[in-house]
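Participant:
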Amino acid sequence: MTALLQVEGLRVEIPTPMGRLHAVRGVDLALGAGETLCLVGESGCGKSLTALALMGLLPRAARRSATRFAFAGEDLQRAGERRMADLRGNRLAMIFQEPMTSLNPSWSIGNQLEEGWLRHRGGHRAAARERALHLLERVGITGAAQRLGQYPHELSGGLRQRVMIAMALMCAPALMIADEPTTALDVTVQAQILHLLKELQREFGMGLILITHDLGIVARVADRVAVMYAGEIVEQGPVAQLFARPAHPYTRGLLACIPVPGRLAPGERLGTIPGVVSPPIGTLTGCQFRNRCAEAEDQCATRAFELRGLGGSHRLRCRLGNAI
Amino acid sequence: MSEALLELVEVERRFSVSAGLFRGRRALHAVNGVSLALRRGEVLGLVGESGCGKSTLGRMLLGLMPASAGEIRLEGRPLAAFSTRELARRVQPIFQDPYSSLNPRKTVGAIVGLPLAVHGIEADARARRKRVQETMERVGLPPRFFHSYPNQLSGGQRQRVAIARALVMRPEILICDEPTSALDVSVQSQILNLLEDMRREFDLTYLLISHNLAVVEHIATRVAVMYLGRIVEEADTVQLFRAPRHPYTRALLASVLTPEPGLGVPDTHLGVSYPNPLDPPPGCTFHPRCGEAMPVCRERAPAALADVRGRVECHLYDNAVK
Chain A
430 MTALLQVEGL RVEIPTPMGR LHAVRGVDLA LGAGETLCLV GESGCGKSLT ALALMGLLPR
490 AARRSATRFA FAGEDLQRAG ERRMADLRGN RLAMIFQEPM TSLNPSWSIG NQLEEGWLRH
550 RGGHRAAARE RALHLLERVG ITGAAQRLGQ YPHELSGGLR QRVMIAMALM CAPALMIADE
610 PTTALDVTVQ AQILHLLKEL QREFGMGLIL ITHDLGIVAR VADRVAVMYA GEIVEQGPVA
670 QLFARPAHPY TRGLLACIPV PGRLAPGERL GTIPGVVSPP IGTLTGCQFR NRCAEAEDQC
730 ATRAFELRGL GGSHRLRCRL GNAI
Chain B
3 MSEALLELVE VERRFSVSAG LFRGRRALHA VNGVSLALRR GEVLGLVGES GCGKSTLGRM
63 LLGLMPASAG EIRLEGRPLA AFSTRELARR VQPIFQDPYS SLNPRKTVGA IVGLPLAVHG
123 IEADARARRK RVQETMERVG LPPRFFHSYP NQLSGGQRQR VAIARALVMR PEILICDEPT
183 SALDVSVQSQ ILNLLEDMRR EFDLTYLLIS HNLAVVEHIA TRVAVMYLGR IVEEADTVQL
243 FRAPRHPYTR ALLASVLTPE PGLGVPDTHL GVSYPNPLDP PPGCTFHPRC GEAMPVCRER
303 APAALADVRG RVECHLYDNA VK
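The structure is reproduced here in structure tokens:
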């Protein structure tokens, strides 16, 4: 299988008044066509900036570097803004958490859907409109023809997210990145949207990178999972293996934190991870999770840990690797 | 069955909203004939999709909004008979967003101490400070935060401040409106454990409003499911999760994504749209989204059926209809 996306040593650095923020620290990602990779972690772990770095949409102050950045056989390391703009909304598409703030409130749904097509494919507006209509119907929006003339504020949150998905699909992208696409939605709508995304992924043969903090979503949609903490991948592997044998203390902690119906007896306490994330600012040594880790030793403060194999493609960045 | 501490009897809340330019105003029934009892010592979970009226219900219970019809009673006395202060002393809120529910210009000490000042409790400044610090300690806030401002705290710490502020008055009832939805998972579990500890320590009664059924299952003892302004099912938590009866409850439970790889994303068969509350469907308001709708569901609203298993409003369980 030729990889659709191959990224190695991805770093994002942002200068702050307190020092340099190492938001993403040497992330390696590989994704095949039709595959789903979930990036999971809590706020501030660098998962969203990883996505923005892939899209070339980082804030101006941020600096991106990578030792390898290949997409569909093309080296994007040196790709300029013009090349990235050609890819975005075309071969590369992204959907965001907040469909209200990522849609333009003063443009009709139809105009926004057609914009990308006209930018990338040109031609007549009629062709773009036909494609927009087809996709609105495909994402389950009733009365699609009328919706084209409506504005974002006239739609509910679930409908807006469907519009965002239709917009991302306009040019049949090879890779879709979805950053917390259902966090702002009701559980029922969340299930519907994720169901739709998986269906469309099969239909279009897209690679999908889904960013979420919800391990329930990860378990249900991912083929492979990468758990991020303080800008690094601390554990990654096939979804079944990672959930059956979580190895990193952070992954295990996260899994113990979430309430699962029927798992705990009434009155039993949920697991917790003590402390808070300290932002990766300045010179960093050792494992960044050590202050919250029950199994930390002296060496965790000084040693640099690499991602090491645990069998198959299950990999771990922790001194515990050999013991498990 | 223990006594009802807080009780709603046929409560309605209508809002007059504009139906569009030149179309005048119409009544929106946010809460439409709800009868519900909050019993002493229990955690009642109130679940439903956004727009179903669950937050409006919470606001009415806090006395922040009067009911348009029906009655709300606290220990048998109408809520309207209580002064705002008296009510605030017994019923306190915890809101979803600890970023917007705390005054950014006040220190944590001032925020937690404000209810005491307003109610003239512990008039002595030193005694008041001591009580604030005790409460902060109880909810796991280090004393050094006394002089901190909310923007210096993390989301979880802010939610602890909100909980301390609610508890400093030693209330009997907490209305928790999505208390953990804005928090990270590791912080959510800390706050849920804290709420459970506080309930035991202070003999509290909770109304937990949430769309997260896993959270509700974890801490609620009883669950009420709300749809378009009505309670469509009510049962003990174990009963409801083991044998949900209303098709809407079943769809909600099916939507919970548990961390079990291999199961995929369920198809809820709920149809696309939540109905417009300004123009609710006739008959049972759930019928357009219901996979088991019968002809009668389009014509007649189902009556509430109560038995040992709880209460459900659905024609499927009404023998008179069948």
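The listed protein sequences derive, respectively, from chains A and B.
Per our numbering: the first sequence = residues 430 to 753.
Per our numbering: the second sequence = residues 3 to 324.
Positions of the beta carbon are idealized from the N, C-alpha and C atoms, including for glycine.
Starting from leucine 210 of chain B, follow the beta strand (DSSP E) in both directions and report where the run begins and ends.
Facilitator: 207–211
Participant: Determine the DSSP secondary structure at methionine 327 of chain B, reduced to helix, strand or coil.
Facilitator: Look at the range of chain B in this structure, 3 to 324, and you will see that residue 327 of chain B is not part of it.
Participant: Measuring CA to CA, which of A/Arg576, A/Leu745, A/Ile638 and A/Pro667 is closest to alanine 733 of chain A?
Facilitator: A/Leu745
Participant: Thinking C-beta only, is asparagine 34 of chain B closer than 9 Å to glutamate 9 of chain B?
Facilitator: No, Cβ-Cβ distance for glutamate 9 of chain B and asparagine 34 of chain B is not below 9 Å.
Participant: By alpha-carbon positions, which one of B/Leu23, B/Val36, B/Arg133 and B/Ser102 ends up nearest to proline 117 of chain B?
Facilitator: B/Arg133
Participant: Could you name the residues that DSSP lists as bridge partners for threonine 465 of chain A?
Facilitator: A/Leu637
Participant: Closer than 8 Å, Cβ to Cβ, to anything on chain A: give me those residues from the stretch 263–278 of chain B, in chain order.
Facilitator: Pro263, Gly264, Leu265, Gly266, Val267, Pro268, Asp269, Thr270, Leu272, Val274, Ser275 and Tyr276
Participant: Run through chain A and tell me which residues come within less than 8 Å of threonine 260 of chain B, C-beta to C-beta.
Facilitator: The contacting residues are Gly645, Ala648, Val689 and Pro690.
Participant: Just to make sure I have the definition right: I need the residues of chain A whose C-beta is within less than 8 Å of the C-beta of valine 187 of chain B. Which are they?
Facilitator: Scanning chain A for C-beta atoms nearer than 8 Å to the C-beta of valine 187 of chain B yields Glu471, His642, Asp643, Leu644, Leu683, Cys686 and Ile687, reported in chain order.
Participant: Can the beta-carbon of proline 610 of chain A be found closer than 9 Å to that of isoleucine 594 of chain A?
Facilitator: yes
Participant: Taking glutamate 471 of chain A as part of the beta strand (DSSP E), name the residues at either end of that continuous run.
Facilitator: Counting along the chain, glutamate 471 of chain A falls outside any beta strand (DSSP E), and DSSP gives it neither H nor E.
Participant: By Cβ distance, which residues of its chain are closer than 6 Å to threonine 260 of chain B, with the 5 residues on each side in sequence left out?
Facilitator: none
Participant: Taking DSSP's pairing of strands, which residues face arginine 507 of chain A in a bridge?
Facilitator: DSSP lists no bridge partner for arginine 507 of chain A.
Participant: Relative to the alpha-carbon of aspartate 608 of chain A, which residue among A/Ala676, A/Thr479, A/Thr712 and A/Ala659 has its alpha-carbon at the smallest distance?
Facilitator: A/Thr479
Participant: On a Cα-Cα basis, can you pick out the residue from A/Tyr679, A/Glu697 and A/Gly572 that is closest to arginine 202 of chain B?
Facilitator: Nearest of A/Tyr679, A/Glu697 and A/Gly572 to arginine 202 of chain B, Cα basis: A/Glu697.
Participant: Just checking my contact of leucine 460 of chain A with leucine 487 of chain A at CB under 8 Å: how many whole Å lie between their CB atoms?
Facilitator: Actually they do not touch by this definition, with Cβ atoms about 20 Å apart.
Participant: Considering only their Cβ atoms, is the gap separating glycine 636 of chain A from methionine 605 of chain A smaller than 9 Å?
Facilitator: yes
Participant: Applying a beta-carbon distance threshold of less than 7 Å, which residues of chain B neighbour aspartate 615 of chain A?
Facilitator: By Cβ distance, chain B contributes Glu51, Ser52 and His213.
Participant: Considering only the alpha carbon of each residue, which of A/Val592, A/Met599, A/Leu458 and A/Arg507 lies closest to arginine 520 of chain A?
Facilitator: Here the closest residue by C-alpha is A/Met599.
Participant: Cutting at 7 Å between CB atoms, please list the residues of its own chain near methionine 296 of chain B, excluding the five before and the five after it.
Facilitator: Only His317 meet the Cβ criterion.
Participant: Run through chain B and tell me which residues come within less than 8 Å of glycine 700 of chain A, C-beta to C-beta.
Facilitator: Ser191, listed in chain order.
Participant: Look up glutamate 543 of chain A in the DSSP assignment and say whether it is helix, strand or coil.
Facilitator: Helix, per DSSP.
Participant: Using the Cα positions of glutamate 12 of chain B and leucine 230 of chain B, report the straight-line distance between them to the nearest angstrom.
Facilitator: 15 Å
Participant: For the alpha helix (DSSP H) holding methionine 484 of chain A, just list the boundary residues, first then last.
Facilitator: 476–484
Participant: With 9 Å set as the bound, which would you pick, yes or no: does the beta-carbon of glutamine 619 of chain A sit closer than that to a beta-carbon of chain B?
Facilitator: It does; some Cβ of chain B falls within 9 Å.
Participant: Hey, does valine 705 of chain A have any beta-carbon neighbour from chain B nearer than 9 Å?
Facilitator: Under the Cβ distance rule, valine 705 of chain A counts among the residues neighbouring chain B, one pair being separated by less than 9 Å.
Participant: Taking only three categories from DSSP, how would you classify alanine 267 of chain B?
Facilitator: Looking at the sequence provided, one finds valine at residue 267 of chain B rather than alanine. Note: valine 267 of chain B maps to coil in three-state DSSP.
Participant: Using a Cβ-Cβ cut-off of 7 Å (strictly less than) and excluding sequence neighbours within five positions of glycine 740 of chain A, which residues of its own chain qualify?
Facilitator: So no residue of the chain qualifies.
Participant: Over what stretch of residues does the beta strand (DSSP E) that includes glycine 22 of chain B continue unbroken?
Facilitator: Where glycine 22 of chain B is concerned, there is no enclosing beta strand (DSSP E), given that its DSSP letter is neither H nor E.
Participant: State yes or no: is the beta carbon of phenylalanine 288 of chain B nearer than 9 Å to at least one beta carbon in chain A?
Facilitator: no
Participant: Roughly how many angstroms lie between the CA atoms of serine 188 of chain B and cysteine 747 of chain A, to the nearest whole one?
Facilitator: 20 Å
Participant: Does any residue of chain A have a CB that is nearer than 9 Å to the CB of glutamine 241 of chain B?
Facilitator: no
Participant: Along the beta strand (DSSP E) that carries glutamine 435 of chain A, what are the first and last residues, could you check?
Facilitator: 432–445
Participant: Quick check on glutamine 506 of chain A: buried or exposed, where buried means 16 or more other Cβ atoms within 10 Å of its Cβ?
Facilitator: exposed
Participant: Report the option in A/Ala676, A/His549 and A/Arg454 whose CA atom is closest to the CA atom of alanine 514 of chain A.
Facilitator: Its Cα nearest to that of alanine 514 of chain A, the residue A/His549 stands out among A/Ala676, A/His549 and A/Arg454.
Participant: So for methionine 296 of chain B, helix, strand or coil by DSSP?
Facilitator: coil
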